[in-house]
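Step one of this worksheet: look at the structure below.
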Amino acid sequence: MTAAVLAYVFNWGPVLDRWDEFLLGAWVDVWVTGLSFALACCLGLGIAVLRLSGTALLRWPAFAYVQLIRGVPLLVFLYWVYFGIAIVVGLSFSPIEAAIIVLSLTGSAYTAEIFRGGLQAIDRGQVEASRSLGLGRIATYRHVLLPQTIRIVIPPLGNTFVGLLKGATLMSIIAVQDMVLVATNVNINYFTPFEAFTAIAVILVALVAVFSASVSVLERTLRLP
Amino acid sequence: MTFAYVFQWEIVSESAGALAHGLRLTLELSALAFALSLVLGLAVAVARLAPFRPLNVLAYVYTQVFRALSLYIYVLFIYFGIAAIFGINFGPFAAGVVALTLLNTAYMAEIYRAALLSIEPGQREAALALGLPHSRSFASVIFPQAFRTALPSLVNQLVDIVKDSSVVAVIGLLDLMGTTIDLVNNRHAPFELYTATAVTYVALILVLSALAALLERRLARHVSGGSAGGRVARLPRRRFADHPGGA
Amino acid sequence: MPELSAEPEALAGIAGGWIVVAEGIHKTFNRGHADREVRVLRGVDVSVAKGDVLVVIGPSGSGKSTLLRCINFLGPPDEGSVTFLGRTLTGAVPRFRPAERMRYERELRFFRTHIGIVFQHFNLFPHMTAADNVALGPTRALGLSRSQARERSVAELERVGMGEKANAYPSQLSGGQKQRVAIARALAMRPQLMLFDEATSALDPELIGGILEEMKRLAESGMTMIVVTHEMGFAREVGDRVVFMDEGRVVEEGPARSLIDNPQNERTQAFLSAILS
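Residue numbers (the numbering used here), protein chains in the order written: chain V, 4 to 228; chain C, 401 to 647; chain P, 29 to 305.
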């Protein structure tokens with residue numbers, strides 16, 4: 004075993020020389036995640052509202068959507084959209100488009116449940132008070148329900164974001180130029196698997212740590228007296 | 401625009417045998433990783449709560465760092481990185497088991513920790529008052545209660561493991577996903593095959609989730625008796641996890 | 029917003045007459061679930077003349093709060109109609125006819141903007157300051173400008189003695205202070221009718237008097253009010269008429285003093301002797 008360890012010569016050079024490529028790759032992961040997360044929030048909010056609708060015809064499809072999407076592994080979903088849908092519909096997505104579609108849809112199933120929980124956590128009296136002042140359904144959501152929901156859903160939404168960021172690392176499989184692809188290429192060219200994959204592991208842990216800290220700050224800032 | 405695509409669903413039925421074989425591998429991989437992280441997760445949780453500071457810190461760092469990584473990065477790191485350093489030639493299956501175990505041990509440690517913390521101190525005091533030594537009181541009083549509390553969340557973790565395990569296909573394991581990729585390469589019916597596989601995963605996940613929900617209800621019923629103070633705490637429901645898993 | 033002001037002929041119609049008339053109100057909770065159905069209201073008629081205070085009393089579960097929610101359509105009645113300032117609305121929502129639906133929504137908005145309600149549990153918006161709580165309705169439902177609404181909000185808060193707390197959040201206020209803000213919030217809409225739903229039931233005993241005092245002042249200023257309360261002293265002193273409800277029906281109705289001092293129905297007698305002893 005000792006001999007085997009010694010047989011591997013650490014060579015951090017290729018990784019350190021390409022630090023800028025790694026960071027650029029990481030930026031792709033971050034913005035794809037950010038965009039997908041934003042879309043997932045919009046879509047998820049809509050689905051949450053449908054799930055709370057008084058009409059079963061709206062409630063059930065929303066429920067089925069959430070169950071269905073959450074049952075599909077990300078990788079399967081990615082292949083289904085990138086290879087499967089493309090060939091049926093006859094238009095091909097770019098890898099990055101496919102990734103954004105998959106991450107947004109997957110994320111929306113999770114954010115929908117979070118928003119639903121947040122909206123349900125708000126006392127019914129809030130709606131009554133708002134409606135009694137003559138505010139309509141939409142104004143009630145906008146001025147009374149959502150501002151209160153936001154404060155409840157920030158921590159779990161933060162988890163969703165981190166989940167999507169981790170999911171985004173799969174994009175390199177369909178050749179999106181993210182940090183994982185940079186690491187894979189370094190490994191192929193210089194055979195430094197340990198160094199290359201350590202680098203992206205460190206970047207990912209750092210990103211998650213920074214993001215978690217920002218969520219805590221945001222939570223504290225929005226906290227009501 | 402004419403809709404030119406002709407569906408070839410018969411390819412799916414022709415491939416049923418291969419897919420079933422892949423599904424078995426998916427289940428084996430998931431079950432093994434689940435069993436291992438069930439044990440290791442408890443160890444890490446105990447380490448976090450043990451009265452020995454360096455151990456606490458170590459366990460804390462482990463749970464924080466290892467939960468932040470995606471399964472794909474684990475797989476790459478273990479299958480290529482660790483393998484190269486130690487000169488071990490992992491097969492894809494072994495690499496998959498190790499990767500899934502490392503990630504889920506961190507998750508399960510957190511579940512166990514929350515469950516252990518939810519046991520009232522009175523339970524431990526009662527056990528010690530009976531003259532049981534620390535280890536016995538943990539094994540026969542604290543742990544059984546905590547395990548019941550944790551079980552539904554632990555089973556939900558199995559749901560994530562099954563979903564995540566599909567990533568191991570990337571390094572060539574012929575699990576359900578790997579078999580599908582293989583079939584697509586040979587039969588050129590990506591839509592039909594990936595749809596079939598997606599449906600299979602959804603069905604599997606729904607069954608497992610239902611199982612977890614059932615378990616939760618069962619346990620809630622069984623433990624609601626007991627002594628006045630013996631109400632077993634329940635962890636917040638995780639039936640709807642708020643993140644899409646480790647991917 | 030011309031469509032929101034009461035039309036002249038409607039006002040002429042109510043001159044000297046009724047501000048609100050509710051007729052044959054029925055309401056069932058969990059309708060369609062045979063085993064869980066609760067018939068809360070079984071044909072209730074009430075009406076209030078301009079400037080009058082109608083006090084609704086009765087045991088809990090008798091449907092008093094539900095009646096208030098039927099009058100401002102927070103929980104529309106299953107059967108029956110409410111005529112407010114000459115406009116009649118029923119609980120039948122024209123769901124699938126867009127034009128009628130829009131008209132219905134407009135009527136609903138007329139009811140809601142001209143009827144104020146004060147809740148048992150205040151229902152203040154926790155994410156807004158007292159002043160913003162009061163200003164929300166005027167800006168969003170009456171279309172006042174921000175500065176106009178702010179001005180009105182501060183004035184209303186001062187009227188209930190909460191001027192100094194304009195920038196406080198609900199969590200920083202006591203129960204009595206919260207209820208004062210809630211009253212100011214309802215009054216800022218310049219309502220023609222005020223509903224009070226057990227406005228003092230959630231308050232500490234020492235704070236009840238202040239809120240009752242506020243309600244009394246409001247009544248003296250000529251406000252038309254429907255008050256659901258267990259405070260018999262208030263009912264007797266401030267109320268013009270009293271309605272006693274039990275099991276979803278009006279059991280007895282009459283002038284406040286005579287009904288409380290001299291109830292005719294034996295259920296009313298039992299209730300009053302239980303509550304006054």
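Positions of the beta carbon are idealized from the N, C-alpha and C atoms, including for glycine.
Item to complete: Under 7 Å between beta-carbons, which chain V residues line up against P:Tyr132? List them in chain order, please.
Response: On the third sequence, position 104 is the one that residue 132 of chain P refers to. Residues of chain V passing the Cβ test: none, with the nearest at roughly 13 Å.
Worksheet item: Taking C-alpha atoms, which residue in V:Gly166, V:Ile117, V:Leu122, V:Ser95 lies nearest to V:Leu210?
Response: As a position in the first sequence, residue 210 of chain V is number 207, starting the count at 1. Considering only alpha carbons, the answer is V:Gly166.
Practice prompt. Could you have a look at P:Gly144 and say whether DSSP puts it in helix, strand or coil?
Written response: For this step, residue 144 of chain P is matched to residue 116 along the third sequence. It is a strand residue.
Practice prompt. Go through the stretch 474-498 of chain C residue by residue and report every complete run of the alpha helix (DSSP H) that reaches 4 residues or more, in order.
Written response: 483-486
Worksheet entry | Straight-line gap, P:Glu35 to V:Ile125 (C-alpha atoms, nearest Å) | In the third sequence, the residue the question calls residue 35 of chain P occupies position 7. In the first sequence, the residue the question calls residue 125 of chain V occupies position 122. With a pLDDT of only 46 at P:Glu35, under the threshold of 50, the placement of this residue in the model should not be trusted; the figure read from the coordinates follows. Taking the straight line joining both Cα atoms gives about 37 Å.
Fill in: Local conformation of P:Lys193 per DSSP, three classes
Position 165 of the third sequence holds residue 193 of chain P. In this structure, P:Lys193 counts as helix in the three-state DSSP scheme.
Fill in: Proximity below 9 Å, CB of P:Ile143 to CB of P:Leu215
The residue labelled residue 143 of chain P in the question sits at position 115 within the third sequence. The residue labelled residue 215 of chain P in the question sits at position 187 within the third sequence. No. Outside cutoff.
Practice prompt. State the beta-bridge partners of P:Leu82 as determined by DSSP.
Written response: As a working mapping, residue 82 of chain P is identified with position 54 in the third sequence. Its beta-bridge partners are P:Ile254, P:Arg269.
Worksheet item: When Cβ atoms are compared, which residues of the stretch 158-173 of chain V fall closer than 9 Å to chain P?
Response: none
Discussion item. Any beta carbon of chain P sitting closer than 9 Å to that of V:Trp30?
Written reply: Locating residue 30 of chain V in the first sequence gives position 27, counting from the first residue. With 9 Å as the cut-off, V:Trp30 does not count as an interface residue toward chain P.
Worksheet entry | alpha helix (DSSP H) runs contained entirely in the stretch 573-598 of chain C, provided each spans 4 or more residues | 576-587
Practice prompt. Enumerate in chain order the residues of its own chain whose CB-to-CB distance from V:Ile99 is below 6 Å, with the five nearest sequence positions on each side excluded.
Written response: What you label residue 99 of chain V is simply residue 96 of the first sequence in a count that begins at 1. Here the set comprises Val179.
Item to complete: With DSSP collapsed to three states, give me the class of V:Phe21.
Response: Along the first sequence, read from residue 1 onward, the residue named residue 21 of chain V stands at position 18. A small fix is needed here, since residue 21 of chain V is Arg in this sequence, not Phe. The answer is coil: DSSP assigns V:Arg21 none of H, G, I, E or B.
Practice prompt. Under the assumption that V:Pro158 contacts V:Glu222 (Cβ atoms under 8 Å), give the Cβ distance between them as a whole number of angstroms.
Written response: In the first sequence, the residue the question calls residue 158 of chain V occupies position 155. In the first sequence, the residue the question calls residue 222 of chain V occupies position 219. About 7 Å separates the two Cβ atoms, so the contact holds.
Discussion item. So, for V:Ser95: in the same chain, excluding its five sequence neighbours on each side, which residues have a beta-carbon less than 7 Å away from its beta-carbon?
Written reply: Within the first sequence, numbered from 1, the residue matching residue 95 of chain V stands at position 92. Counting only Cβ-Cβ distances below 7 Å, and skipping sequence neighbours, we find Ala89.
Worksheet item: List, in order along the chain, the chain C residues whose C-beta lies closer than 8 Å to that of V:Phe200?
Response: The residue given as residue 200 of chain V occupies position 197 in the first sequence. The answer, in chain order, is Ile473, Leu476, Phe477, Phe480, Gly481.
Discussion item. Please tell me whether P:Ser173 has its Cβ less than 9 Å away from any Cβ of chain V.
Written reply: The residue you call residue 173 of chain P lines up with position 145 of the third sequence. Cβ-Cβ to chain V under 9 Å: no for P:Ser173.
Worksheet item: With DSSP run on the structure shown, which of helix, strand or coil describes P:Pro219?
Response: Within the third sequence, the letter at position 191 stands for residue 219 of chain P. Three-state result, P:Pro219: coil.
Worksheet item: Who are the neighbours of P:Ser199 on chain V, taking C-beta pairs under 8 Å?
Response: For the purposes of this step, residue 199 of chain P is taken as residue 171 along the third sequence, with counting starting at 1. The contacting residues are Leu227, Pro228.
Fill in: For V:Thr163, three-class secondary structure by DSSP
Taking the first sequence and counting its residues from 1, the one referred to as residue 163 of chain V is at position 160. Residue state, collapsed to three classes: helix.
Discussion item. What does the alpha-carbon distance come out to for the pair C:Ser540 and C:Ala431?
Written reply: Position 140 of the second sequence, counted from the start, is the residue given in the question as residue 540 of chain C. Position 31 of the second sequence, counted from the start, is the residue given in the question as residue 431 of chain C. Straight-line Cα distance between these residues: approximately 26 Å.
Worksheet item: Is P:Arg97 buried or exposed, if buried means 16 or more other CB atoms sit within 10 Å of its CB?
Response: For the purposes of this step, residue 97 of chain P is taken as the residue at position 69 of the third sequence. By the 10 Å Cβ count, P:Arg97 comes out buried.
Item to complete: With a threshold of 16 other CB atoms inside 10 Å of the CB of P:Glu186, please say whether the residue is buried or exposed.
Response: Taking the first residue of the third sequence as 1, we reach residue 186 of chain P at position 158. Exposed, by the Cβ-count rule.
Discussion item. For P:Ala196, which residues in the same chain have their Cβ closer than 6 Å to its Cβ, ignoring the five residues on either side in sequence?
Written reply: Indexing the third sequence from 1 puts residue 196 of chain P at position 168. Excluding residues within five positions, the ones whose Cβ falls inside 6 Å are Ala158.
Worksheet entry | Residues in the stretch 588-601 of chain C having any Cβ partner in chain V nearer than 7 Å | Pro590, Phe591, Tyr594, Thr595, Thr597, Ala598, Tyr601
Practice prompt. With P:Glu280 as the anchor, note down where its beta strand (DSSP E) starts and where it stops.
Written response: For the purposes of this step, residue 280 of chain P is identified with residue 252 of the third sequence, where counting begins at 1. 277-283 is the span of the beta strand (DSSP E), which, as asked, contains P:Glu280.
Discussion item. So, for P:Arg64: in the same chain, excluding its five sequence neighbours on each side, which residues have a beta-carbon less than 7 Å away from its beta-carbon?
Written reply: Start at 1 with the first residue of the third sequence, and residue 64 of chain P comes out as number 36. Hits under 7 Å: Asn58.
Worksheet entry | Short CB-CB distance (under 9 Å) between P:Thr141 and chain V | The count along the third sequence starts at 1 and reaches residue 141 of chain P at position 113. Interface residue, yes.
Discussion item. On a Cα-Cα basis, can you pick out the residue from P:Ala169, P:Ile85, P:Glu242, P:Val270 that is closest to P:Glu184?
Written reply: What you label residue 184 of chain P is simply residue 156 of the third sequence in a count that begins at 1. Measuring from the Cα of P:Glu184, the nearest candidate turns out to be P:Glu242.
Worksheet entry | Through-space distance from V:Trp63 to V:Gly57, alpha-carbon basis | Locating residue 57 of chain V in the first sequence gives position 54, counting from the first residue. Locating residue 63 of chain V in the first sequence gives position 60, counting from the first residue. Going from the Cα of V:Gly57 to the Cα of V:Trp63 covers about 11 Å.
Worksheet item: Quick one: Cα of V:Arg21 to Cα of V:Ala186, how far?
Response: By 1-based counting over the first sequence, the position of residue 21 of chain V is 18. By 1-based counting over the first sequence, the position of residue 186 of chain V is 183. Cα to Cα, V:Arg21 sits roughly 10 Å from V:Ala186.
Item to complete: Determine the DSSP secondary structure at P:Ala298, reduced to helix, strand or coil.
Response: Translated into the one-based positions of the third sequence, residue 298 of chain P becomes position 270. Residue state, collapsed to three classes: helix.
Fill in: Within chain V, partners of P:Pro154 - CB distance below 8 Å
For the purposes of this step, residue 154 of chain P is taken as the residue at position 126 of the third sequence. The contacting residues are Gln151, Leu227.
Discussion item. What does the alpha-carbon distance come out to for the pair C:Ala416 and V:Val79?
Written reply: Here residue 416 of chain C corresponds to residue number 16 of the second sequence, with the count starting at 1. Here residue 79 of chain V corresponds to residue number 76 of the first sequence, with the count starting at 1. Looking at the two C-alpha atoms, the distance is approximately 17 Å.
Worksheet item: Helix, strand or coil: how does DSSP classify P:Leu117 here?
Response: Along the third sequence, one-based indexing puts residue 117 of chain P at 89. In the structure shown, P:Leu117 sits in a strand (DSSP, three-state: E or B).
Worksheet item: Based on Cα-Cα distance, which residue from V:Phe86, V:Phe194, V:Leu38, V:Trp30 lies nearest to C:Val584?
Response: Walking along the second sequence from the start, residue 584 of chain C turns up at place 184. If we check each option's Cα against that of C:Val584, V:Phe86 comes out closest.
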